[in-house]
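In this note's numbering, the protein residues as written are 23 to 101.
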């Protein structure tokens, strides 16, 4: 996979490797929530078939390993 790092870390996105940015449709502002977690371990999970399964697997694997977190809420719109 193109997003694999030398230590085995993987990047996963719905469409490609790396961050794609907000994709709001034209119209009113949309809220985006970005959450960054500091963990005391590297997670050992496998990619799921869809984003909801992957999110659940990640949150379950993180239990008991979160040292801290930061949250950024941003607004974006396209004219």
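Don't be surprised by glycine CBs; every beta carbon is placed ideally from N, CA and C.
In the same chain as residue 50, and ignoring 5 residues on each side of it, the C-beta atoms closer than 8 angstroms to its own belong to 99, in chain order. Collapsing the DSSP output to three states places residue 46 in coil.
Beta-bridge annotation (DSSP): residue 52 is paired with 98.
About 6 angstroms separates the beta carbons of residue 93 and residue 55, which is inside the 8 angstroms limit, making them a contact pair. Look at residue 58 here: in three-state DSSP terms it is strand.
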